[in-house]
RNA sequence: GGAGGAGUGGCCGAGCGGCUGAAGGCGACGGUCUUGAAAACCGUUAGGCGCGAAAGCGUCUCGGGGGUUCGAAUCCCUCCUCCUCCGCCA
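Numbering (the numbering used here), first residue to last: 531 to 973.
As structure tokens, this is what we get:
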């Protein structure tokens, strides 16, 4: 969410920012509604002030023990005078009351519309984000590692995993429908190994590991920016008005929502391993093969909450990107980093770096990580604030990035580490989590 | 799931229809004192929105929402959360 004052003063820029992001919102209507909202508030406050004042007056007029009453009598007023005065004031109030009611009746829907419109205004992208319509226009920043060539016919992860008996997509689909799978034996082990490696590396880097709820209240989804626009992507538990999260970013970022932190508490660095639920609505027919686009996966996510300073935010953005790259380097996987273009940025993101890892079966780099910078966007929605040395209250800045998401990352791991005989060499960094073994050989 | 009890400022805790955005205490911050510190003493210490160039002013908020009333932290309804007991269960 943006500051309404900022929107008022920069309407043109906000409009353009939405166009760049290919997000529809109605800035003109918002400004109109905001104007009406303020007019109503001013009128209402005058009346409310009067009600308050008159109400107190009546209290005094009706209480013979009040200092005011005693003084009035001493000044020569009669009880009848005072009673008449009380009646007069009450009559005045009786006239104001319907006016307030009328204004309030108008204000209700105005406020409602104002809030709805506000939730749809996107955060303008950083000038450093390339202008573009979709992911095809993301800009490569750097490539790390060599894309290997094979001296045999390499298998894709599904064939490889199925033959090794470590991936069972057919039965996953039998149980849960399309985009579901089962990992088995060394498949399950490998999955947990990459997650453990990622988490251990983050803890080593000073991030506090958290175990968080993945079924959250609606306001948490709104607060992090996933609702209302992303509602169709979430699994809802409507009986309880809760949603399954698509990422631990949601509970981690909302952890301090509705709080005022001390500046000395910042930065807050956290990570969490959690299941992630995604409906993938609208993706029908896209990436249907294998473990790339699935409804449930596990992920270690990193979140940073820092002070409201653009340079600080930028520095942490580089840090969380570096954290993820360190994991990819530990796994010795070839990847590239791309600067995501405006059209591919979400509602709240100012700038986003994706890490894409080489996936032989796709014959291309596929997205495995997404590092986002939000400035105040989420913090405003979440009421996530801190007090500075001068006791002034500010919204925090928030950032997040994947550390590892599995089984998607198992696609490059399996495909790149496969051998001619159909076995898979276990990356050195994962061996401690795989009983020290060097290979997956299947049954 | 059933039966009770409770939700007040950073924390503890008074208030139970008007002068209470809220006593008192603790904590924190500033000051006096001190070589420094402690103690003691004095002071400051909610957020949102709006108006205003600013100083400042107004209004809303005592878990959330609604109602009664001239007037509500205080009364009523409803939802949420927590606690206790019973039941069920990993």
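Positions of the beta carbon are idealized from the N, C-alpha and C atoms, including for glycine. Source: prediction; values computed, not measured.
Helix, strand or coil at residue i according to DSSP, with G and I counted as helix
i           : result
residue 650 : coil
residue 697 : strand
residue 671 : strand
residue 818 : coil
residue 947 : coil
residue 799 : strand
residue 823 : coil
residue 916 : strand
residue 870 : coil
residue 835 : strand
residue 726 : helix
residue 746 : strand
residue 532 : coil
residue 677 : coil
residue 631 : helix
residue 880 : coil
residue 565 : helix
residue 595 : coil
residue 772 : strand
residue 689 : helix
residue 811 : coil
residue 850 : helix
residue 707 : coil
Rounded Cβ spacing between residue i and residue j (contact assumed at less than 8 Å)
i           : j           : result
residue 909 : residue 925 : 4 Å
residue 929 : residue 900 : Going by Cβ atoms, the distance from residue 929 to residue 900 rounds to 11 Å, so no, they are not a contact pair.
residue 654 : residue 764 : Contact flag wrong, Cβ pair sits at about 25 Å.
residue 588 : residue 620 : 6 Å
residue 811 : residue 762 : 5 Å
residue 885 : residue 854 : 6 Å
residue 831 : residue 802 : 6 Å
residue 869 : residue 660 : 6 Å
residue 857 : residue 806 : About 17 Å separates the two Cβ atoms, so there is no contact after all.
residue 963 : residue 723 : 4 Å
residue 931 : residue 851 : 6 Å
residue 602 : residue 612 : 6 Å
residue 642 : residue 570 : Between residue 570 and residue 642 the Cβ distance is about 13 Å, and since that is not below 8 Å, they are no contact.
residue 880 : residue 656 : 5 Å
residue 720 : residue 943 : 7 Å
residue 751 : residue 649 : About 11 Å separates the two Cβ atoms, so there is no contact after all.
residue 911 : residue 753 : 5 Å
residue 927 : residue 897 : Their Cβ separation, rounded to whole angstroms, is 24 Å, which puts residue 927 and residue 897 out of contact at 8 Å.
Cross-strand partners of residue i (DSSP beta bridge)
i           : result
residue 905 : 928
residue 777 : DSSP lists no partner for residue 777.
residue 887 : 865 and 896
residue 828 : 805 and 936
residue 955 : 969
residue 738 : 800
residue 661 : Beta-bridge pairing links residue 661 to no other residue.
residue 544 : Beta-bridge pairing links residue 544 to no other residue.
residue 712 : 698
residue 790 : 915
residue 767 : 772
residue 923 : 917
Identity of the residue in the options nearest residue i by Cα
i           : options               : result
residue 919 : 818, 758, 853 and 792 : 792
residue 690 : 755, 906, 955 and 532 : 955
residue 746 : 785, 854 and 811      : 785
residue 834 : 917, 781 and 692      : 781
residue 617 : 603, 604, 585 and 596 : 585
residue 836 : 888, 829 and 914      : 914
residue 975 : 941, 545 and 857      : The structure shown has nothing for residue 975, since the chain only spans 531 to 973.
residue 739 : 725, 686 and 866      : 725
residue 800 : 744, 826 and 732      : 732
residue 787 : 916, 829, 822 and 729 : 916
residue 556 : 570, 537, 574 and 596 : 537
residue 790 : 922, 692 and 847      : 922
residue 702 : 734, 826 and 533      : 826
residue 591 : 623, 573, 614 and 575 : 614
residue 888 : 904, 882, 939 and 846 : 939
residue 576 : 680, 623 and 551      : 623
residue 728 : 572, 904 and 829      : 829
Contact between the segment 834–842 and the segment 794–802 (3+ Cβ pairs under 8 Å): With the cut-off at 8 Å, the segment 834–842 and the segment 794–802 touch.
Any 3 or more C-beta pairs closer than 8 Å across the segment 576–587 and the segment 618–634: Under the three-pair Cβ rule at 8 Å, the segment 576–587 counts as touching the segment 618–634.
The segment 861–877 touching the segment 657–670, judged by at least three CB pairs closer than 8 Å: Contact holds: three or more Cβ-Cβ distances are below 8 Å.
The segment 946–954 in contact with the segment 702–715 per 3-pair CB rule at 8 Å: No, the segment 946–954 is not in contact with the segment 702–715.
The segment 853–868 in contact with the segment 955–964 per 3-pair CB rule at 8 Å: Taking 8 Å as the limit for Cβ pairs, the verdict is that the segment 955–964 does touch the segment 853–868.
Inter-stretch contact (C-beta, 8 Å, three-pair minimum) for the segment 562–571 and the segment 670–690: Segments in contact, no.
Three CB pairs or more closer than 8 Å across the segment 550–560 and the segment 628–642: Judged by pairs of C-beta atoms under 8 Å, the segment 550–560 does not touch the segment 628–642, as fewer than three such pairs exist.
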